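Here is the structure we will look at, set down as structure tokens.
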Amino acid sequence: MADLIVKDKEVVVPGQVLAKGMEYLPANGTYREGNEIKALQIGMVTLSGRLIKLIPLKGVYIPKVNDVVIGRIIDVGVNNWLVDIGFSNLAGLSLRDATSQYIVRGADLSNYYKFDDYIIAKVTKVTKDKLIDLTTKGRGLRKLDEGIIIKVTPVKVPRIIGKGGSMISMIKEKTNCKIMVGQNGVIWLCGQEPEKEKLAIDAIYFIEKNAHVEGLTDMVKDFLEGKKGEKK
Amino acid sequence: MKKRKDNRRLDEMRKIEAKVGVIKRANGSAMFRIGDTIAVVAVYGPRSLHPKYLQDPERGILRVYYNMMAFSGSGERIRPGPSRRSREVSMVIEKALTSVLDLKEFPGGVVDVFIEIIQSDSGTRCAGICAASLAIADAGFKMKDLISAVALGRIDNDIYVDVTKDEEDIEGMADVPVAYLPSSGKIVLLQCDGFLKKEQLKEILKIGKKVCLEIYKVQQKALKEGYKK
Numbered sequence: 129m130a131d132l133i134v135k136d137k138e139v140v141v142p143g144q145v146l147a148k149g150m151e152y153l154p155a156n157g158t159y160r161e162g163n164e165i166k167a168l169q170i171g172m173v174t175l176s177g178r179l180i181k182l183i184p185l186k187g188v189y190i191p192k193v194n195d196v197v198i199g200r201i202i203d204v205g206v207n208n209w210l211v212d213i214g215f216s217n218l219a220g221l222s223l224r225d226a227t228s229q230y231i232v233r234g235a236d237l238s239n240y241y242k243f244d245d246y247i248i249a250k251v252t253k254v255t256k257d258k259l260i261d262l263t264t265k266g267r268g269l270r271k272l273d274e275g276i277i278i279k280v281t282p283v284k285v286p287r288i289i290g291k292g293g294s295m296i297s298m299i300k301e302k303t304n305c306k307i308m309v310g311q312n313g314v315i316w317l318c319g320q321e322p323e324k325e326k327l328a329i330d331a332i333y334f335i336e337k338n339a340h341v342e343g344l345t346d347m348v349k350d351f352l353e354g355k356k357g358e359k360k
Numbered sequence: 030m031k032k033r034k035d036n037r038r039l040d041e042m043r044k045i046e047a048k049v050g051v052i053k054r055a056n057g058s059a060m061f062r063i064g065d066t067i068a069v070v071a072v073y074g075p076r077s078l079h080p081k082y083l084q085d086p087e088r089g090i091l092r093v094y095y096n097m098m099a100f101s102g103s104g105e106r107i108r109p110g111p112s113r114r115s116r117e118v119s120m121v122i123e124k125a126l127t128s129v130l131d132l133k134e135f136p137g138g139v140v141d142v143f144i145e146i147i148q149s150d151s152g153t154r155c156a157g158i159c160a161a162s163l164a165i166a167d168a169g170f171k172m173k174d175l176i177s178a179v180a181l182g183r184i185d186n187d188i189y190v191d192v193t194k195d196e197e198d199i200e201g202m203a204d205v206p207v208a209y210l211p212s213s214g215k216i217v218l219l220q221c222d223g224f225l226k227k228e229q230l231k232e233i234l235k236i237g238k239k240v241c242l243e244i245y246k247v248q249q250k251a252l253k254e255g256y257k258k
């Protein structure tokens, strides 16, 4: 007999039994042990047909190819840079992938990206042993000169961006800020007015806190407008 | 019915309290309190591991630091810094946690778990392990199960659940900390200090399992509480 023990959209903890019997199949964030399906991390149950999936409520960033990330240069080598992207291994940015400019052999690489610079880059390669290659060639990929860096939980990034970028473009529009969201949970903001910059930051933290509430877009809209009303 | 000094039944625990997210800057954190024993745990990582020879190219490793704070004891000041005892406790907790934690995604990396005992009245390693499993779950790592642990003892011919320092100091008592995976009932930590008969050990494991399930309920509730909307 197949039994579903938890409800849809319920918060579960690691090891909690989600279903018994062979009727259901374990998907992301769950595992099967004998006759039972159990949760593998803290998350919210999502049922889709026979699949039981967990949407993690908190998590660690694991790089994938084609992720756009924001990282900090922590070392300048002879022909590469090492970048901290919030993962256990440092990512490498080689000379070839850094810029389409001509770089003279033996040039001092800190003329391009120096220690403690923040860059927005794309992951080009992830090996089995989780060695990561980055590139800064491409549209929008560059060094970040001005602005503010904030950090959120990586699993909340999809909600901050929204469906097809709807959420983030709303914040951009309402606050007149330039915002870039890295898949690793690092967010860069740059606005004209400090108050609006502050509002954008608050809005992002608001989304992080309320990520799994339904009708979030409207709530954020109210949040952005409500704050504005107070200021006037 | 036999009563103890503090008016508990033999198979009764002290009051438990658990909370997650107590340290803002850590990736995951938790507090676990049983009676007068309080453990606070912070989890950081995954981060890169140095020196490099400690790295494992196939999986991330777990490092546990157990520490009793200088003022945590009931008597004299505890000498700060690592000791023979704290290294042993760190090691057994590390082994217990490694059995549930999946760190294959972070080769060459390390996850650091800092267990600080801020107040102690026996059973510190069990409080530490309960708090540590909550903190790791709070950090969002993939793990098979939480861990619940309790310290039991034998005094004369009776089995005592969740012994206190006074009971622990009784001459000829045996002290048995035990940690279970609540959903599968597997034992991940079992130590024994003192003499036991075979039947007594069996009895202890049976009672311990029952008590651990009660602790698990508190842990589960605390973890869910931390993520309420």
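Line by line, the protein sequences are chains A and B.
Residues in the first sequence are numbered consecutively from 129, following the working numbering.
Residues in the second sequence are numbered consecutively from 30, following the working numbering.
No residue lacks a Cβ here, since even glycine has one placed at the ideal position from N, Cα and C.
It should be emphasised that the depicted structure is a prediction, and the values quoted were computed from it without experimental measurement.
Could you tell me which of the options sits nearest to residue i, measuring between CA atoms?
i	options	result
Arg233 (chain A)	A:Asp244, A:Asn207, A:Thr263 and A:Ala249	A:Asn207
Ala71 (chain B)	B:Lys81, B:Leu78, B:Asp65 and B:Lys53	B:Lys53
Gly157 (chain B)	B:Phe61, B:Cys241 and B:Pro211	B:Phe61
Lys379 (chain A)	A:Lys300, A:Asn312 and A:Gln311	Because chain A spans 129 through 360 in this model, residue 379 (chain A) falls outside it and cannot be assessed.
Ile248 (chain A)	A:Tyr240, A:Ala219, A:Ile278 and A:Val196	A:Val196
Cys221 (chain B)	B:Gly152, B:Lys257 and B:Leu210	B:Gly152
Asp136 (chain A)	A:Asp203, A:Tyr189, A:His340 and A:Arg287	A:His340
Gly364 (chain A)	A:Tyr159, A:Val251, A:Lys148 and A:Leu327	It is not possible to answer for residue 364 (chain A), since the shown part of chain A is limited to 129 through 360.
Thr345 (chain A)	A:Arg160, A:Arg287, A:Asn304 and A:Ala235	A:Arg287
Gly177 (chain A)	A:Leu185, A:Glu151 and A:Lys192	A:Glu151
Ser149 (chain B)	B:Glu254, B:Ala55, B:Val69 and B:Leu242	B:Val69
Lys215 (chain B)	B:Gln249, B:Asp65, B:Arg108 and B:Ala125	B:Ala125
Lys231 (chain B)	B:Asp187, B:Gln248 and B:Tyr256	B:Asp187
Val247 (chain B)	B:Ile176, B:Lys32 and B:Glu200	B:Ile176
Gly343 (chain A)	A:Gly319, A:Lys306, A:Ile201 and A:Lys291	A:Lys291
Tyr189 (chain A)	A:Ile329, A:Val285 and A:Pro322	A:Val285
Tyr303 (chain A)	A:Phe215, A:Val254, A:Pro282 and A:Ile332	In the sequence as presented, Tyr is not what sits at residue 303 (chain A); that position holds Thr. Ranking A:Phe215, A:Val254, A:Pro282 and A:Ile332 by Cα distance to Thr303 (chain A) puts A:Ile332 first.
Which of the three DSSP states, helix, strand or coil, is assigned to residue i?
i	result
Val93 (chain B)	strand
Glu358 (chain A)	Its pLDDT being 48, under 50, Glu358 (chain A) is placed unreliably by the model, and the measurement read from it follows with that caveat. Helix at Glu358 (chain A).
Glu274 (chain A)	coil
Arg116 (chain B)	helix
Leu352 (chain A)	helix
Gln148 (chain B)	strand
Gly157 (chain B)	helix
Leu181 (chain B)	strand
Gly343 (chain A)	coil
Phe61 (chain B)	strand
Ala68 (chain B)	strand
Ile165 (chain A)	strand
Phe143 (chain B)	strand
Asp204 (chain B)	strand
Asp136 (chain A)	coil
Lys81 (chain B)	helix
Ser294 (chain A)	helix
Lys31 (chain B)	coil
Leu210 (chain A)	strand
With residue i and residue j assumed to form a contact (beta carbons below 8 Å), what rounded beta-carbon distance in angstroms separates them?
i	j	result
Tyr95 (chain B)	Ile63 (chain B)	In fact, because the Cβ distance is near 16 Å, the residues do not count as touching under 8 Å.
Ile170 (chain A)	Val141 (chain A)	6 Å
Val139 (chain B)	Pro75 (chain B)	7 Å
Ile180 (chain A)	Ala155 (chain A)	6 Å
Ala251 (chain B)	Lys48 (chain B)	6 Å
Val309 (chain A)	Ile296 (chain A)	6 Å
Asp204 (chain B)	Gly182 (chain B)	5 Å
Ser119 (chain B)	Met97 (chain B)	With 8 Å as the limit, Ser119 (chain B) and Met97 (chain B) do not qualify as a contact, their Cβ atoms being about 11 Å apart.
Leu132 (chain B)	Ile90 (chain B)	7 Å
Trp209 (chain A)	Leu237 (chain A)	7 Å
Ile147 (chain B)	Ile45 (chain B)	Wrong, their Cβ atoms sit about 16 Å apart, outside the cutoff.
Lys242 (chain A)	Val193 (chain A)	Actually they are not in contact, since the Cβ atoms of Lys242 (chain A) and Val193 (chain A) sit about 27 Å apart, beyond 8 Å.
Asp195 (chain B)	Lys34 (chain B)	6 Å
Using a threshold of 8 Å, state whether the C-beta atoms of residue i and residue j are closer than that.
i	j	result
Lys374 (chain A)	Pro80 (chain B)	The displayed coordinates of chain A run from 129 to 360. Any statement about residue 374 (chain A) would go beyond what the structure contains.
Asp174 (chain B)	Gly187 (chain A)	no
Leu182 (chain A)	Gly157 (chain A)	yes
Met30 (chain B)	Val240 (chain B)	no
Asp167 (chain B)	Ala59 (chain B)	yes
Glu325 (chain A)	Ile276 (chain A)	yes
Tyr256 (chain B)	Leu185 (chain A)	yes
Leu317 (chain A)	Leu352 (chain A)	no
Ser77 (chain B)	Leu272 (chain A)	no
Taking Cβ-Cβ distances shorter than 7 Å, what residues in chain D pair up with residue i?
i	result
Val188 (chain A)	Absence of chain D from the displayed structure is noted, the protein chains being A and B.
Using a Cβ-Cβ cut-off of less than 8 Å, give me the residues of the region 132-149 of chain B that come near chain A, in sequence order. If the cut-off is 8 Å between Cβ atoms, the region 132-149 of chain B has Glu134, Phe135, Pro136, Gly137, Gly138 and Val139 near chain A.
Residues from the region 91-104 of chain B in contact with chain A, defined by Cβ distance under 8 Å: Within the region 91-104 of chain B, no residue has its Cβ closer than 8 Å to any Cβ of chain A.
Within 8 Å of chain A by C-beta, residues of the region 149-167 of chain B in sequence order: From the region 149-167 of chain B, only Ala166 and Asp167 have a Cβ closer than 8 Å to chain A.
Cβ-based contacts, 8 Å cut-off: residues of the region 258-278 of chain A near chain B: In summary, the residues of the region 258-278 of chain A whose CB is separated from some CB of chain B by less than 8 Å are Lys258, in the order they occur in the chain.
Taking beta-carbon pairs under 9 Å, can you tell me which members of the region 292-326 of chain A lie near chain B? If the cut-off is 9 Å between Cβ atoms, the region 292-326 of chain A has nothing near chain B.
Could you list the residues in the region 208-226 of chain B with a C-beta less than 8 Å from some C-beta on chain A, going in chain order? Result list: Leu210, Pro211, Ser212 and Ser213.
Residues within the region 236-256 of chain B neighbouring chain A, beta-carbon criterion of under 7 Å: Across the region 236-256 of chain B, CB contacts with chain A closer than 7 Å involve Gln249, Leu252, Lys253 and Tyr256, in sequence order along the chain.
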